[in-house]
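This report concerns only the one structure given below.
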Amino acid sequence: MLCTSAQGEIKEIYPVDLPDVDYNSLCLTSENILSSLESNTYTGENWFIPSIGSKVEVTLDNVGRLEVFGDDPPCTLLALHMPADETQVVALNLHGKWWPLNDVLKTSCKSRSGLVTVLSVMERLILFLLSQIIFGVLERPFMEDMYFSPHPMREFGKILWLNGEAVGFYTIKKKGSLCDGCTSQSYQLPVLDTVFVRTQWRRRGLGLQILADFCTSLPNEKVIGLSCPISPSMIKVCRKFLLTNQDQRDRLYEVVAPGAWDQRRNIWLNIQLNYSANSEALPGLESGCTKAKVV
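Per our numbering, the sequence shown runs over residues 21 to 315.
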């Protein structure tokens, strides 16, 4: 979308730059569009033309629901996908129009740069897209068996913005937050739970930047964790980071929720003892479904 600034400049505007939406309006709009498609009363765009590839007709068969937070609370985002292939999302319905997926992950706001805390509804949707669509489907490595569960609505997270694009993120399980909705157990320390950097932005030190940001953002915590199991790529990031940040070696632990002392393993010690990222889980414990991972 193009707009004219106060200085008369014409610039591109993206969904995250527009006035924020609320979850109720998002759900209501989604249901109204689906209802109109079902009853053949839809008055919006009939075709979506991507920058690359064939145009896609906006029909009930080509539009699907994306549950942003799983089932709690219900929040639906509409996605337009290629015919007969729901995994190939080409556009999302936001602010009354269909936006190319890549445009939803962009910003024209110059102050949105580096690691930025997720605060708005649109930023929460971008976090969802990065974890569930970009990593979950479009950039998923062949034979990859790790995945990210949808992040809870109040999960603390930061999005990494570079050159006007959302190129990665990380999320934290805060100390005292519930491990899941099925138990009364809560985390006994802050835990870096999920990490992702987009394929074309890897090998630029962004994983190190994320890990450093996590550590420095919690100066009053003597011990902090990374969710078990840690991926091979994240182990490499940890090794590089700890080689130059010796003061962090006693702080970083691989953790299984809720993170009691018998559910922690010192990462630097593991590296020194030549533990691989695929080493056996802590004795007698099962790993969680979310992973500390740079893929």
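Even glycine gets a Cβ: it sits at the ideal position worked out from N, Cα and C.
What you are looking at is a predicted structure, and each value in this text was computed from that prediction instead of being measured.
Unbroken beta strand (DSSP E) runs of no fewer than 3 residues, entirely contained in the region 161-239, are found at 176-182, 185-193, 211-217, following chain order. In the DSSP assignment, Ser-247 falls outside any alpha helix (DSSP H) and lies within the beta strand (DSSP E) extending over 244-247. Close CB contacts of Ile-69 within its chain, under the 7 Å cut and outside five residues either way in sequence, are with Lys-75 (chain order).
Between the C-alpha atoms of Ser-133 and Asp-42 there is a straight-line separation of about 24 Å. For Val-110, the enclosing beta strand (DSSP E) covers residues 105-114.
The Cβ atoms of Thr-191 and Thr-214 sit closer than 8 Å to each other. Using a Cβ distance threshold of 8 Å, Leu-209 and Val-275 count as a contacting pair.
Taking a C-beta distance under 8 Å as the contact criterion, Val-36 and Met-142 qualify as a contact pair.
Judged by beta-carbon spacing, Ile-291 lies within the 8 Å limit of Cys-258, meaning their Cβ atoms are closer than that value.
Around the Cβ of Thr-137, a 10 Å sphere holds fewer than 16 other Cβ atoms; the residue is exposed. Of all C-beta pairs linking the region 54-66 to the region 165-183, fewer than three are shorter than 8 Å, placing the two stretches out of contact. DSSP, read as helix, strand or coil, puts Phe-68 in strand.
The beta carbon of Glu-185 sits closer than 7 Å to the beta carbons of Leu-125, Lys-126 from its chain, once the five residues preceding and following it are set aside; these are given in chain order. Taking the Cα positions, Val-83 is about 28 Å away from Leu-139. The C-alpha of Tyr-34 lies about 14 Å from the C-alpha of Ser-131. Residues of the same chain with a CB within less than 6 Å of the CB of Thr-107, apart from the 5 flanking positions on each side, are Val-157 in chain order. Listed in chain order, the alpha helix (DSSP H) runs fully inside the region 39-101 are 43-58, counting runs of at least 4 residues. In this structure, Leu-272 places its C-beta atom within 8 Å of the C-beta atom of Ile-244. Val-157 sits in a helix when the DSSP states are folded into three classes. As the crow flies, the alpha-carbon of Ser-204 is around 41 Å from that of Gly-116.
Per the C-alpha coordinates, the member of Cys-47, Ile-72, Leu-80 positioned closest to Ser-56 is Leu-80.
For Ile-255, the secondary structure class from DSSP, reduced to helix, strand or coil, is helix. Per DSSP, reduced to three states, the secondary structure at Pro-278 is coil, with no helix or strand assignment. Taken in chain order, the whole alpha helix (DSSP H) runs of length 4 or more contained in the region 118-158 are 121-124, 141-148.
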